[in-house]
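Numbering (my numbering), first residue to last: 47 to 411.
Ideal Cβ placement from N, Cα and C applies to all residues, glycine included.
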Amino acid sequence: MADMPTPCLTAEEFQRRLLTWFDQYGRHDLPWQSPRSAYRVWVSEIMLQQTQVTTVIPYFKRFMTRFPTLEALANAPQDDVLHLWTGLGYYARARNLHKAAQVAFAAYGEELPTDSVETLMALPGIGRSTAGAIIAQSADKQAAILDGNVKRSLTRLHAIAGWPGKPAIERSLWALAEYYTPDTRLADYTQAIMDFGATLCKRSKPDCPICPFNDACRAYAEGEPQRYPESKPKKALPTRDTIMLMLQDSQGRVWLEQRPPSGLWGGLWSLPQFERHGELNDWLADHVVSPKRHAPLPSFTHTFSHFRLSITPQPVSCDRLSGVREGGVWYDINHPSALGLAAPVKSLLSQLVPFTLDPTPGPSH
Numbered sequence: 047m048a049d050m051p052t053p054c055l056t057a058e059e060f061q062r063r064l065l066t067w068f069d070q071y072g073r074h075d076l077p078w079q080s081p082r083s084a085y086r087v088w089v090s091e092i093m094l095q096q097t098q099v100t101t102v103i104p105y106f107k108r109f110m111t112r113f114p115t116l117e118a119l120a121n122a123p124q125d126d127v128l129h130l131w132t133g134l135g136y137y138a139r140a141r142n143l144h145k146a147a148q149v150a151f152a153a154y155g156e157e158l159p160t161d162s163v164e165t166l167m168a169l170p171g172i173g174r175s176t177a178g179a180i181i182a183q184s185a186d187k188q189a190a191i192l193d194g195n196v197k198r199s200l201t202r203l204h205a206i207a208g209w210p211g212k213p214a215i216e217r218s219l220w221a222l223a224e225y226y227t228p229d230t231r232l233a234d235y236t237q238a239i240m241d242f243g244a245t246l247c248k249r250s251k252p253d254c255p256i257c258p259f260n261d262a263c264r265a266y267a268e269g270e271p272q273r274y275p276e277s278k279p280k281k282a283l284p285t286r287d288t289i290m291l292m293l294q295d296s297q298g299r300v301w302l303e304q305r306p307p308s309g310l311w312g313g314l315w316s317l318p319q320f321e322r323h324g325e326l327n328d329w330l331a332d333h334v335v336s337p338k339r340h341a342p343l344p345s346f347t348h349t350f351s352h353f354r355l356s357i358t359p360q361p362v363s364c365d366r367l368s369g370v371r372e373g374g375v376w377y378d379i380n381h382p383s384a385l386g387l388a389a390p391v392k393s394l395l396s397q398l399v400p401f402t403l404d405p406t407p408g409p410s411h
């Protein structure tokens, strides 16, 4: 492990302190811990990427009710999967989860393979850390993890300068993660090191005075634990503009179109989008009988990781379409069907009627 910084403790002492802390303060009653299977751990790990545990729990429970097995998920329509993902964001996770379930069920049958990290990494959307978490927690086999919480904790404990996303720094962190990973109590250790970063060595206001490693933590010794880890160098986010057509028929239904399978909101259902009012006018002239345009709703901004989208909602009412555009549906907001909705679309639709579009299965239309 030539890239590994000098450890702050021996592996055995690190494990002892962490597991002692976990036994008293860790999370032992998460829904994916009982019953614990490779499938359930996998779904939870994908949901937990970029998302907090408290947010994930109700989504996970609904997901397991609808898709209790790998086979159920593999055989489900993508719309059902995206519908239950609505509100969690980062929808590529859901598309990859669905695709991986289909591939895994065809190749391995009723359960994910846990023989090696490499086997799991061959499936869509499963990286090295997720594969390690699945193996360690479901099979109790030795496999290291390096999610965001673990990166932060190890970076602080060893006062590692620089952004952890840089390849050289990430290699150093992986070396430390492997060094500290034990060969027993793997499920507990993996949960413990995630819990430690999530609940004690937090991004802001870490609880250093009660930390079991505060006598060995180099960032704490420097007096500046929150200096670590260093943030990714920021770039100014560009802004794009779009007009969202809120087209309602005489029954109050809203016209939605399915996005392409990849890219922005891939596979989700959205209001038709136009860059300019001229494009919107042309579309209405071609497809809508006697459209009645109403005053635009206030514009708002939806921020993605790499750009901001400025959205101007344009309400239009009509009696009917002159031709049904391929890939579109009339969506009944009073009896919503089970479709995956882009987050801004869900918000706009919720403004039309006094109820919340909850991501639970409804009747299909």
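| query | result |
| --- | --- |
| Inter-stretch contact (C-beta, 8 Å, three-pair minimum) for the region 156-170 and the region 211-222 | no |
| Residue burial classification, Thr92 (beta-carbon count within 10 angstroms, cutoff 16) | Per the sequence presented here, residue 92 reads as Ile, with Thr not at that position. Its Cβ being crowded by 16 or more others within 10 Å, Ile92 is buried. |
| Beta carbon of His323 nearer than 8 Å to that of Ile289 | yes |
| Per DSSP, cross-strand counterpart(s) of Lys338 | Ser363 |
| Whole-angstrom distance between Leu119 and Val127, CA atom to CA atom | 8 Å |
| Reduced DSSP secondary structure (H/G/I, E/B, other) of Ser184 | helix |
| Beta-carbon spacing of Leu246, Pro255 below 8 Å | no |
| Endpoints, beta strand (DSSP E) assigned at His348 | Phe346 to Thr349 |
| Three-state secondary structure (DSSP) of Trp376 | strand |
| Residues of its chain near Arg339, where Cβ-Cβ distance is below 6 Å and the 5 sequence neighbours each way are ignored | Val362 |
| Cβ neighbours of Arg202 in the same chain (closer than 7 Å, five flanking residues each side left out) | Cys247, Cys263, Ala265, Pro271 and Tyr274 |
| Three-state secondary structure (DSSP) of Glu303 | strand |
| Runs of alpha helix (DSSP H) lying entirely within the region 100-135, each at least 4 residues, in chain order | 116-120 and 124-131 |
| Residue(s) in a DSSP beta bridge with Arg286 | Leu355 |
| Same chain only: Cβ atoms within 8 Å of Met50, ignoring 5 sequence neighbours per side | Ser218, Ala221, Leu222 and Tyr225 |
| Test item: CB-CB of Gly312 and Pro306 under 8 Å | yes |
| Contact the region 234-246 vs the region 67-74: 3+ CB pairs below 8 Å | yes |
| Same chain, Cβ closer than 8 Å to Thr349, five either side skipped, listed in chain order | Leu283 and Leu355 |
| Residue from Leu367, Arg62 and Glu58 with nearest C-alpha to Arg299 | Leu367 |
| Segment contact flag, the region 154-163 with the region 124-143, C-beta cutoff 8 Å, min 3 pairs | no |
| Local Cβ density within 10 Å of His381, reported as buried at 16 or more and exposed below that | exposed |
| Contacting residues, own chain, Cβ-Cβ under 7 Å from Ser437 (five flanking each side not counted) | Nothing in the structure corresponds to residue 437, since the chain is present only between 47 and 411. |
| Any non-hydrogen atom of the ligand FAD within 7 Å of Ser250 CB | For the structure depicted, the ligand FAD is absent and the ligand set is empty, with no information on it obtainable. |
| Neighbourhood of Gln397 by C-beta distance below 6 Å, restricted to the same chain and skipping five residues each side | none |
| Residue range of the unbroken alpha helix (DSSP H) whose run includes Met50 | No alpha helix (DSSP H) holds Met50; DSSP gives it neither H nor E. |
| Counterpart residues of Met240 in DSSP-defined beta bridges | BP columns for Met240 are empty, so no partner. |
| Three-way DSSP call (helix, strand, coil) for Leu387 in this model | strand |
| Leu293 in three-state terms, based on DSSP | strand |
| Close Cβ partners of Gly408 (< 8 Å) along its chain, the five nearest in sequence each way excluded | Because Gly408 sits at a pLDDT of 34, beneath the cut-off of 50, its placement in the model cannot be relied upon, and the point is left open. |
| Boundaries (first-last residue) of the alpha helix (DSSP H) holding Leu343 | Segment: none, Leu343 is in no alpha helix (DSSP H) and carries neither H nor E. |
| Arg98 versus Tyr105: straight-line alpha-carbon distance, rounded | The sequence shown places Gln at residue 98, rather than the Arg named in the question. Looking at the two C-alpha atoms, the distance is approximately 11 Å. |
| Inter-residue Cα distance where the pair is His411 and Gly373 | Bear in mind that the predicted position of His411 carries a pLDDT of just 28, short of 50, making it unreliable; the figure below should be weighed with that in mind. Approximately 14 Å between the Cα atoms of the pair. |
| Where the alpha helix (DSSP H) containing Arg139 begins and where it ends | Ala138 to Tyr154 |
| Through-space distance from Pro77 to Leu330, alpha-carbon basis | 48 Å |
| CB contact flag (Trp209, Glu117, <8 Å) | no |
| Nearest residue (CA-CA) to Ala185, options Trp376, Ala341, Leu293 and Arg86 | Arg86 |
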